[in-house]
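Have a look at the structure below before the remarks.
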Amino acid sequence: MTLASTTIAVGRPDDPAGGAYDVVIGHGVLDALPGLLGDDVRRVLVVHPRTLRSTAETVRADLEGAGVRPYLCEVPDAEDAKTVEVLASCWSVLGQAGFTRTDAVVGLGGGATTDLAGFCAASWLRGVPVVQVPTTLLGMVDAAVGGKTGINTPEGKNLVGAFHSPRGVICDLTALRTLPHADLVAGLAEVVKCGFVADPVILDVVEADPAAAVAWDSETLRDLVERSVAVKARVVTDDLRESGLREILNYGHTFGHAVEQVERFRRRHGEAVSVGLVYAAELGRLAGLTPVPLAGRHRSVLGEIGLPLGYRGDRWPALLQAMRRDKKTRGDVLRFVVLEDVAHPVRLEGPDGALLEEAYRLVSAD
Numbered sequence: 021m022t023l024a025s026t027t028i029a030v031g032r033p034d035d036p037a038g039g040a041y042d043v044v045i046g047h048g049v050l051d052a053l054p055g056l057l058g059d060d061v062r063r064v065l066v067v068h069p070r071t072l073r074s075t076a077e078t079v080r081a082d083l084e085g086a087g088v089r090p091y092l093c094e095v096p097d098a099e100d101a102k103t104v105e106v107l108a109s110c111w112s113v114l115g116q117a118g119f120t121r122t123d124a125v126v127g128l129g130g131g132a133t134t135d136l137a138g139f140c141a142a143s144w145l146r147g148v149p150v151v152q153v154p155t156t157l158l159g160m161v162d163a164a165v166g167g168k169t170g171i172n173t174p175e176g177k178n179l180v181g182a183f184h185s186p187r188g189v190i191c192d193l194t195a196l197r198t199l200p201h202a203d204l205v206a207g208l209a210e211v212v213k214c215g216f217v218a219d220p221v222i223l224d225v226v227e228a229d230p231a232a233a234v235a236w237d238s239e240t241l242r243d244l245v246e247r248s249v250a251v252k253a254r255v256v257t258d259d260l261r262e263s264g265l266r267e268i269l270n271y272g273h274t275f276g277h278a279v280e281q282v283e284r285f286r287r288r289h290g291e292a293v294s295v296g297l298v299y300a301a302e303l304g305r306l307a308g309l310t311p312v313p314l315a316g317r318h319r320s321v322l323g324e325i326g327l328p329l330g331y332r333g334d335r336w337p338a339l340l341q342a343m344r345r346d347k348k349t350r351g352d353v354l355r356f357v358v359l360e361d362v363a364h365p366v367r368l369e370g371p372d373g374a375l376l377e378e379a380y381r382l383v384s385a386d
């Protein structure tokens with residue numbers, strides 16, 4: 021690695037469901053990839069979007085220099101990659117190249133690309149190694165860490181997928197230099213979420229200097245990335261398969277995913293999650309669980325870094341239908357994560373329909 025880096029361990033070595041792996045964070049750390057793949061890998065499928073052709077070529081050269089044969093698989097940008105048709109094209113490359121269980125997949129790109137690459141690895145020969153190389157802030161703090169993989173269907177987001185822990189994750193912060201500012205800001209929604217559910221210092225850091233929080237090369241942003249990854253690492257280590265504790269990471273996502281579904285995935289995930297966080301805060305307040313000042317803090321923190329606080333007011337039936345298809349729903353009972361205090365999330369099950377609609381009215385009033 022060319023520059024100083026931080027390594028955060030995820031998982032437990034004795035856990036048969038996933039095992040342990042490292043998340044490497046820093047500037048100029050892409051050359052850690054061959055080491056994370058391991059000595060037994062001979063072929064690597066590099067899944068990447070069109071926008072990262074030059075980076076994929078750099079990865080190809082690094083892998084060839086390490087004695088590994090790379091195969092580049094270019095996929096569509098963003099959520100357009102997460103379809104069964106694109107997944108099938110990845111399988112075809114693996115089959116034609118004769119990939120075995122000791123070969124590997126690399127996901128190079130944003131959260132959609134790492135979701136796809138992870139599910140490709142999970143499903144090929146019932147599981148081959150994967151190393152994730154997220155190149156967006158959202159991918160670094162959310163999608164690439166934790167072992168959740170999946171694709172979308174017309175009926176909903178991430179309804180088809182598997183838990184498949186990576187062999188390692190590389191968060192090269194230099195990749196954020198060319199990230200559109202709107203995408204950088206959107207990724208901070210997941211950072212702020214980690215602050216509300218587990219690490220209050222994240223909120224303090226953002227509030228102290230919102231401008232530094234959205235600067236790709238600032239020490240503030242690096243600190244926020246490290247703190248967010250550490251939150252996810254702690255939660256995932258204790259609950260790989262989302263049987264309990266890990267549900268707190270879904271804070272803001274029930275409504276946020278519904279917005280994405282209604283918008284046919286044309287809205288940035290982080291923007292939808294930001295609105296979802298405000299919705300969850302209002303719902304928690306209406307249910308008598310979230311203190312009024314805490315609900316208001318959601319609007320102030322998210323607003324200071326330029327994230328949206330509201331959504332249009334004419335989509336309630338479609339949003340409610342989408343929420344009922346959410347993975348977190350059990351039977352006909354909607355489940356939400358809400359806050360009793362900062363870093364004190366609780367589950368709210370089956371809230372009254374009038375509360376759900378009133379929270380929507382408050383969100384759509386912005």
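Just so we're aligned, residue 21 is where the sequence shown starts under the numbering used here, counting upward by one. Glycine residues also receive a C-beta, built at the ideal position from the N, C-alpha and C atoms.
* Closest by CA to G330, which one among V251, L354, G276, V358? -> Of V251, L354, G276, V358, the residue nearest in Cα terms is G276.
* Asked: Hey, out of V358, A101, V125, whose CA is closest to L368's CA?
  -> Minimum Cα distance to L368 is reached at V358.
* To do: Would you list, in sequence order, the uninterrupted beta strand (DSSP E) runs of no fewer than 3 residues that lie entirely inside the segment 82-145?
  => Taking 3 residues as the shortest admissible run, the segment 82-145 contains the following complete beta strand (DSSP E) segments, listed from N- to C-terminal end: 89-95, 124-129.
* Asked: Going by the CB atoms, is the gap between E227 and V321 shorter than 8 angstroms?
  -> Yes, they are a contact pair.
* Tell me where the beta strand (DSSP E) around D203 begins and ends. => Looking at the DSSP string, D203 is not in any beta strand (DSSP E); the run it does join, the alpha helix (DSSP H), is 201-217.
* Between G31 and L265, what straight-line distance do the alpha-carbon atoms span, to the nearest angstrom? -> About 14 angstroms.
* Would you give the residue range spanned by the beta strand (DSSP E) that H68 belongs to? => Where H68 is concerned, the enclosing beta strand (DSSP E) stretches over 63-69.
* Measuring CB to CB, does P328 end up less than 8 angstroms from V282? -> The answer is no: Cβ separation not under 8 angstroms.
* Asked: Which of helix, strand or coil does DSSP assign to H273?
  -> Of the three classes helix, strand and coil, the one that applies to H273 here is helix, per DSSP.
* **Coarse secondary structure for D60, derived from DSSP in three states** => In the structure shown, D60 sits in coil (DSSP, three-state: anything other than H, G, I, E or B).
* To do: Mind reading off the beta-carbon distance from R242 to L193? Whole number of angstroms is fine, and I expect it under 8 angstroms.
  => Contact between R242 and L193 is confirmed by a C-beta separation of about 6 angstroms, below the 8 angstroms threshold.
* **Residues near R287 by beta carbon distance below 8 angstroms, same chain, minus five either side** => V279, E280.
* Asked: Which stretch, first to last residue, makes up the alpha helix (DSSP H) that contains S384?
  -> For S384, the enclosing alpha helix (DSSP H) stretches over residues 373-384.
* Can you tell me the Cα-Cα spacing of M21 and I28, whole angstroms? -> Because M21 carries a pLDDT of 41, less than 50, the predicted location of this residue cannot be relied on, and the following value inherits that uncertainty. Here the alpha carbon of M21 sits roughly 15 angstroms from the alpha carbon of I28.
* To do: On the DSSP bridge assignment, give the partners of A182 in chain order.
  => Note: A182 sits in a beta bridge opposite T169.
* Considering T26, what are the terminal residues of the beta strand (DSSP E) in which it resides? -> It spans 25-30 - the beta strand (DSSP E) in which T26 sits, taken as one unbroken run.
* **Cβ distance (whole Å) where T133 is taken to contact A101 below 8 angstroms** => Your pair T133 and A101 checks out as a contact, with CB atoms roughly 6 angstroms apart and the cut at 8 angstroms.
* Asked: Taking the continuous alpha helix (DSSP H) assigned at L340, which residues delimit it?
  -> Here the alpha helix (DSSP H) through L340 covers 336-344.
* Using DSSP with H/G/I as helix, E/B as strand and the rest coil, what is G370? -> Residue state, collapsed to three classes: coil.
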